[in-house]
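The C-terminal position of the sequence shown is numbered 245 in the working numbering, with every residue numbered one higher than the one before it. Note that CB positions come from ideal geometry on N, CA and C, so glycine has one too. Accompanying notes for the structure given below.
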Amino acid sequence: MNAFEQAREWIHAAGKVAVLTGAGISAESGIPTFRGPGGLWRERRPEDLATPQAFARDPDLVWQWYDWRRSVVASAEPNAGHRALAEFEQRKNVALTLVTQNVDGLHRRAGSHSILEIHGSIWTLRCTACGREWRDESVPLALPPLCICNAGLGSGQVRPGVVWFGEGLPADVWPSAENAAKTCDVFLVVGTSAVVYPAAGLIPIAKHAGARVVEVNVEATPMSARVDGVLQGRSAEILPELLR
Ligand code: OAD
2 MNAFEQAREW IHAAGKVAVL TGAGISAESG IPTFRGPGGL WRERRPEDLA TPQAFARDPD
62 LVWQWYDWRR SVVASAEPNA GHRALAEFEQ RKNVALTLVT QNVDGLHRRA GSHSILEIHG
122 SIWTLRCTAC GREWRDESVP LALPPLCICN AGLGSGQVRP GVVWFGEGLP ADVWPSAENA
182 AKTCDVFLVV GTSAVVYPAA GLIPIAKHAG ARVVEVNVEA TPMSARVDGV LQGRSAEILP
242 ELLR
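Printed below as a string of structure tokens:
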């Protein structure tokens with residue numbers, strides 16, 4: 002049996018499947034990844050755009066970058082990889098937990114319902130003064146966005162509802178992600194370079210808890226040698242076949 006057939010067998014025998022997705026699953030929707038060829042971090046520094054310090058220093062620059070990313074995502078469509086996961090969620094005999102590092106919202110647009118967005122969402126805005134969070138899908142945004150709490154006062158700042166480097170993960174979703182990794186029969190890792198923690202830490206957590214871990218990626222990652230199955234290729238091609 003080859004690695005693909007083996008992975009398919011594990012998945013179809015499983016009662017609980019957890020999936021961790023990263024930027025690679027949205028690559029075929031035309032959304033740039035972070036570290037690959039054409040990746041966002043190849044030409045820009047995360048410390049200039051994706052840290053609380055960067056936002057404190059130059060909120061306009063940070064907002065312009067996020068507004069540009071929102072426009073890229075808004076003109077993209079979910080691909081066959083996203084759709085395969087959404088269809089798999091509908092299966093009666095298997096419980097699927099979808100954990101994503103992506104902030105693009107494409108899993109939801111593909112029809113997935115229960116999604117743990119551990120790095121937040123590019124469509125969420127959060128007021129740093131009153132803590133209110135809301136969705137705003139307008140593209141382009143009127144910059145800088147304002148919260149109702151400071152309308153007219155101009156004090157509190159509104160920031161993207163995403164996780165930046167140096168910040169903790171949302172307390173309402175991270176424990177569920179860890180729990181899914183600890184209790185699944187199969188842990189599927191799709192399109193992530195597996196270098197950003199704590200997200201990447203879900204892979205050894207699942208492995209130590211006894212799950213079969215299967216990686217889908219166009220190239221090897223630091224986790225490839227530690228997983229049970231490596232399926233090399235594009236997620237939009239592999240996932241529909243694997244989950245069908
Ligand atoms: P990366 O850009 O680090 O990694 C993308 C991965 O997807 C790479 O391993 C590619 O080989 C793989 N890939 C590319 N195209 C693919 C395809 N068509 N099918 C399958 N795999 C493909 O993105 P992430 O791992 O998601 O965090 O990055 C993790 C975090 O770092 C992000 O959530 C973001 C970033 O900085 C924050 O902003 C906090």
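- prompt: Among residues of its own chain, excluding the 5 on either side of residue 239, which ones have a beta-carbon nearer than 7 Å to its beta-carbon?
  reply: 217 and 232
- request: Tell me whether the beta-carbon of residue 22 lies closer than 8 Å to the beta-carbon of residue 191.
  value: yes
- prompt: Taking the runs of the beta strand (DSSP E) that are 3 residues or longer, which of them lie wholly in the stretch 183–231?
  reply: 187–191 and 213–218
query: For residue 239, does the three-state DSSP call read helix, strand or coil?
result: helix
- request: With a threshold of 16 other CB atoms inside 10 Å of the CB of residue 64, please say whether the residue is buried or exposed.
  value: buried
- prompt: Tell me which same chain residues have a C-beta within less than 6 Å of the C-beta of residue 79, skipping the five on either side of it?
  reply: 107, 110 and 111
message: Contact between the stretch 111–123 and the stretch 86–94 is defined here as three or more beta-carbon pairs at a separation below 8 Å; is this criterion met?
response: yes
- request: Grab the span of the alpha helix (DSSP H) containing residue 50 for me, first residue to last.
  value: 47–50
Residue 62, buried or exposed, once every other Cβ within 10 Å from all chains shown has been counted against 16: exposed
message: Are the CB atoms of residue 185 and residue 14 within a distance shorter than 8 Å?
response: no
task: Since I believe residue 116 is in contact with residue 175 (beta carbons under 8 Å), could you give me their beta-carbon distance rounded to a whole number of angstroms?
output: Incorrect: roughly 14 Å between the Cβ atoms, too far for contact.
Through-space distance from residue 166 to residue 47, alpha-carbon basis: 8 Å
message: Measuring straight from C-alpha to C-alpha, what distance separates residue 101 and residue 147?
response: 28 Å
- prompt: Any chance the CB of residue 230 is under 7 Å from a heavy atom of the ligand OAD?
  reply: no
Option in 40, 39 and 60 with minimal Cα separation from residue 49: 60
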